[in-house]
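Novice:
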Ligand code: DGY
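Residue numbers (the numbering used here): 7 to 340.
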């Protein structure tokens, strides 16, 4: 088997966490692999040390891979991120150095949309509070006013960012008889017809939605896209769901809005910072559900993501275009 640059030596690869077994087997079959086996991410120092002589790097969204890391890795040809989002990687720096970057989109779309809906339903119908109450001995009788929530069916859902996951959420919402508004960088006429969703300016979406769900990539433009001003425009009964990136929502502004009842409820799978410290003010609130960034966490999806990460890595090491490349321009051009 030919490895890097046509030699018979296996390419050297660093993997920053153990991935599902089939992917590790695939990577091992082609590469000389060093894996970080800790439950927590390797430290910055460890990453800087480990990448010195590698040709490939498989990393997670918890690893910041910037110009410094790349400068310390002169043989690095491919960075394969085990995530659809790649805000943890400085892609501009990678492209400058002709390092191909791969990600794992598509396979997690439906799984993430399922979880977005799970959070929305749990928030609307106060599932977590109900569970807490029962376990705490609070269920003493059937009560006419016990844990009243909001109906999801027939409500208006505002989707911020109508990409793949946003559309998958819209399809589910239609099944629940919801009216769906969306805002996006560009108007999606085809999706409007196919999914029966309506375009709305951001401000209108904020004002008219009963539920708001965020599905944008984290970029300088989307950092704190939902802050104090935006929260003030929402209905007092609004429920906000975030399964994208924590920094898209200003968590301190969210805390203030939830505490004074400016909006009704938030359900977050992602936080700012991440993980959220146990003493963060948000965690003192009852009108909040937080989960530990698990929207894509089904066995099938995480395995498929790992296989894509492996294939991206191997293709990049062979000098081929990976199945999911974030910066394919320079490979196509060469
Ligand atoms: C991603 O892939 O970007 C998710 O946040 C984790 O699966």
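Here a beta-carbon is modelled for each residue, glycine too, at the ideal position from N, C-alpha and C.
All values reported here derive from a predicted model rather than from experimental measurement.
Is it a yes or a no for the region 122-132 touching the region 152-165, going by three-plus beta-carbon pairs under 8 Å?
Specialist: yes
Novice: According to the Cβ coordinates, are residue 257 and residue 101 closer than 7 Å?
Specialist: no
Novice: Less than 7 Å between the beta carbons of residue 309 and residue 114, yes or no?
Specialist: Not in contact: residue 309 and residue 114 (Cβ atoms no closer than 7 Å).
Novice: Does DSSP put residue 272 in a helix, a strand or coil?
Specialist: strand
Novice: Helix, strand or coil: how does DSSP classify residue 7 here?
Specialist: Residue confidence for residue 7 is low, a pLDDT of 41 falling below 50, so the modelled location carries little weight; the figure read from the coordinates is stated next. Reduced to three states, the DSSP call for residue 7 is coil.
Novice: Pull up the CB-CB distance for residue 220 and residue 254, whole angstroms please, since I reckon it's below 8 Å.
Specialist: Under the criterion of beta carbons closer than 8 Å, residue 220 and residue 254 qualify as touching, at roughly 5 Å.
Novice: May I ask you to list the residues that DSSP assigns as paired with residue 219?
Specialist: 165 and 247
Novice: For residue 304, does the three-state DSSP call read helix, strand or coil?
Specialist: coil
Novice: Helix or strand or just coil, what does DSSP make of residue 128?
Specialist: When DSSP states are grouped into helix, strand and coil, residue 128 belongs to the helix group.
Novice: Who's in the neighbourhood of the ligand DGY, going by beta-carbon under 5 Å from any heavy atom, listed in chain order?
Specialist: 89, 90, 91 and 302
Novice: Quick check: what's the CA-CA separation for residue 47 versus residue 63?
Specialist: 14 Å
Novice: Measuring straight from C-alpha to C-alpha, what distance separates residue 260 and residue 326?
Specialist: 45 Å
Novice: When we look at the beta-carbon of residue 72 and count the other beta-carbons within 10 Å, is it buried (16 or more) or exposed?
Specialist: exposed
Novice: Applying the 10 Å Cβ sphere with the 16-neighbour rule, what's the burial state of residue 172?
Specialist: buried
Novice: Verify whether the separation of the beta carbon atoms of residue 247 and residue 273 is less than 7 Å.
Specialist: yes
Novice: Using the Cα positions of residue 281 and residue 67, report the straight-line distance between them to the nearest angstrom.
Specialist: 12 Å
Novice: Compare the Cα-Cα distances from residue 300 to each of 275, 320 and 199 and report the closest residue.
Specialist: Sorting 275, 320 and 199 by C-alpha distance to the C-alpha of residue 300 places 275 at the top.
Novice: For residue 139 and residue 145, I'd like the C-alpha separation in whole angstroms.
Specialist: Here the alpha carbon of residue 139 sits roughly 6 Å from the alpha carbon of residue 145.
Novice: Please state whether DSSP places residue 41 in a helix, a strand or coil.
Specialist: DSSP, read as helix, strand or coil, puts residue 41 in strand.
Novice: How about residue 18 and residue 75: do their beta carbons lie closer than 7 Å?
Specialist: no
Novice: Opposite residue 87 in the DSSP bridges: which residues?
Specialist: Residue pairing by DSSP puts residue 87 in a beta bridge opposite 65.
Novice: Hey, how far is the Cα of residue 52 from the Cα of residue 200?
Specialist: Taking C-alpha positions only, residue 52 is separated from residue 200 by approximately 49 Å.
Novice: Taking the CB atoms as reference points, tell me whether residue 239 and residue 212 lie closer together than 7 Å.
Specialist: Contact check for residue 239 against residue 212 passes: the beta carbons are separated by less than 7 Å.
Novice: With the cut-off set at 7 Å, would you say residue 20 and residue 38 are in Cβ contact?
Specialist: no
Novice: Taking the C-alpha atoms as reference points, what is the distance between residue 320 and residue 231?
Specialist: 36 Å
Novice: Quick one: what's got a C-beta closer than 6 Å to residue 29's C-beta in the same chain, skipping five residues either side?
Specialist: 312, 313 and 316
Novice: Quick check for students: name the residue ranges of the alpha helix (DSSP H) that lie wholly in the region 89-114, counting only runs of 4 or more.
Specialist: 97-102
Novice: Taking 7 Å as the cut-off, decide whether the C-beta atoms of residue 175 and residue 119 are in contact.
Specialist: yes
Novice: I'd like the span of the alpha helix (DSSP H) that includes residue 75, first residue to last.
Specialist: 73-77
Novice: If the criterion is Cβ atoms closer than 7 Å, does the pair residue 245 and residue 271 meet it?
Specialist: yes
Novice: Tell me whether residue 103 counts as near the ligand COA, meaning its Cβ is closer than 6 Å to at least one heavy atom of that ligand.
Specialist: Here the bound small molecules are the ligand DGY; the ligand COA is not part of this structure.
Novice: Are the beta-carbon atoms belonging to residue 117 and residue 302 less than 7 Å from one another?
Specialist: yes
Novice: Going straight from the alpha carbon of residue 8 to that of residue 34, what length do you get?
Specialist: With a pLDDT of 43 at residue 8, under the threshold of 50, the modelled position of that residue is not reliable, and no figure is offered here.
Novice: From which residue to which residue does the alpha helix (DSSP H) around residue 33 run?
Specialist: Looking at the DSSP string, the run of the alpha helix (DSSP H) that includes residue 33 is 27-36.
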